[in-house]
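Structure, as structure tokens:
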Amino acid sequence: MRVDVLTIFPEMFTGFLNTSIIKRAREQGRLEVNLVNIRAYARNKHRNVDDYPFGGGPGMVMQAEPLFLAVEDLLPGGEAARPPVILMSPQGEAFNQGMAEELAREEHLILICGHYEGVDERVRLALVTREISIGDYVLTGGELPAMVIIDAVTRLLPGVLGAPEGAREDSFAMGLLEYPQYTRPRSFRGLEVPEVLLSGNHEQIRRWRRQQALERTWRRRPDLLARVNLSPEDRRFLEEISRRERERTP
Ligand code: 4HQ
Numbered sequence: 161m162r163v164d165v166l167t168i169f170p171e172m173f174t175g176f177l178n179t180s181i182i183k184r185a186r187e188q189g190r191l192e193v194n195l196v197n198i199r200a201y202a203r204n205k206h207r208n209v210d211d212y213p214f215g216g217g218p219g220m221v222m223q224a225e226p227l228f229l230a231v232e233d234l235l236p237g238g239e240a241a242r243p244p245v246i247l248m249s250p251q252g253e254a255f256n257q258g259m260a261e262e263l264a265r266e267e268h269l270i271l272i273c274g275h276y277e278g279v280d281e282r283v284r285l286a287l288v289t290r291e292i293s294i295g296d297y298v299l300t301g302g303e304l305p306a307m308v309i310i311d312a313v314t315r316l317l318p319g320v321l322g323a324p325e326g327a328r329e330d331s332f333a334m335g336l337l338e339y340p341q342y343t344r345p346r347s348f349r350g351l352e353v354p355e356v357l358l359s360g361n362h363e364q365i366r367r368w369r370r371q372q373a374l375e376r377t378w379r380r381r382p383d384l385l386a387r388v389n390l391s392p393e394d395r396r397f398l399e400e401i402s403r404r405e406r407e408r409t410p
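The numbers in the numbering used here rise by one with no breaks, and the one at position 132 of the sequence shown is 292.
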């Protein structure tokens, strides 16, 4: 997959792109990230890419022209399918695992990192095909959101994670939160590893993990349960914990 990132701070990506799984995916040729400095497309000699808002008010607005020129430079018309042009914005659709899976099926993405009070509305109207938010809080720029998207998408690309189930078995792919994990030693400062995990009984371990994932999700993120495929055994278990809870707090 190729990802073009339009940014005024390309240096923010250096550590991210040269670390761990993202670095390896790039070395393996599974991910190619092309950092485009929006300032290279500024018209005035000061390389400004922002200006005052029409109508007045505080702050500055990112100009349309440098972003249009940058995207047009990336799409000289040769590419048959137009890649998604994604703007990072708190007004976008909330990013989730389903969107990461969808984006991971694309050959090419263009990510636009905004700054200042936002971007000229004509960028949204005529350039952007999708707006994505990584959460309900305000950041100084779209660079961290772009890295979040690249990270979540890259681990889903074929061959990037060692085991092929590695990416699919995890919590959000199953729709549930993760079960508790333990490693050596068996006893740490008086805290013991649950006996069942040492039992070697794989059917019991599977059931325990499923129940832990169900209970955690029920307690912390009950909203997620609505979209999970629950077996009759899962339903019986959830009935049981909710009955126990009702008895504990009448
Ligand atoms: N931004 N999810 C860029 C965000 C944001 C978010 C604020 C985007 C500043 C200029 N982007 N503008 N949350 O907070 O995507």
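Glycine included, every Cβ here is placed at the ideal spot set by N, Cα and C.
Residue range of the alpha helix (DSSP H) that includes residue i
i           : result
residue 314 : 303-314
residue 235 : Run containing residue 235: none; DSSP gives neither H nor E here.
residue 402 : 392-408
residue 359 : No alpha helix (DSSP H) contains residue 359, which DSSP labels as neither H nor E.
residue 186 : 180-187
DSSP state of residue i mapped onto helix, strand, coil
i           : result
residue 291 : strand
residue 243 : coil
residue 347 : strand
residue 338 : coil
residue 192 : strand
residue 170 : helix
residue 259 : helix
residue 210 : strand
residue 252 : strand
residue 277 : coil
residue 298 : coil
residue 388 : coil
residue 318 : coil
residue 376 : helix
residue 159 : This structure gives no information on residue 159, because the portion of the chain shown stretches from 161 to 410.
residue 175 : helix
residue 203 : coil
Per DSSP, the bridge partner or partners of residue i
i           : result
residue 198 : DSSP lists no partner for residue 198.
residue 352 : 347
residue 221 : 211
Terminal residues of the beta strand (DSSP E) in which residue i lies
i           : result
residue 167 : 162-167
residue 385 : Looking at the DSSP string, residue 385 is not in any beta strand (DSSP E); the run it does join, the alpha helix (DSSP H), is 382-385.
residue 271 : 268-272
Nearest-residue set for the ligand 4HQ, Cβ under 6 angstroms from any heavy atom: After applying the 6 angstroms Cβ criterion, the set is 248, 249, 250, 274, 275, 278, 293, 294, 295, 297, 298, 299, 301, 302, 305.
For the stretch 256-269 against the stretch 214-231, do three or more pairs of beta-carbon atoms, one drawn from each stretch, fall closer than 8 angstroms, so that the two count as touching? no
Evaluate contact between the stretch 338-356 and the stretch 372-387, counting only Cβ atoms and requiring at least three cross-stretch pairs below 8 angstroms. yes
Stretch-stretch touch, CB-based, cutoff 8 angstroms, three pairs: the stretch 267-279 with the stretch 232-249: yes
Quick check: the stretch 340-356 against the stretch 386-404, are at least 3 beta-carbon pairs closer than 8 angstroms? Verdict: no, contact absent.
Count the C-beta pairs between the stretch 191-210 and the stretch 225-241 that are closer than 8 angstroms, then say yes if the count reaches three, no if not. yes
Indicate whether the contact test is met: 3 or more Cβ pairs, each with one atom in the stretch 173-191 and one in the stretch 228-243, closer than 8 angstroms. no
Using a Cβ distance threshold of 8 angstroms, determine whether the stretch 277-289 contacts the stretch 167-178, with at least three qualifying pairs required. no
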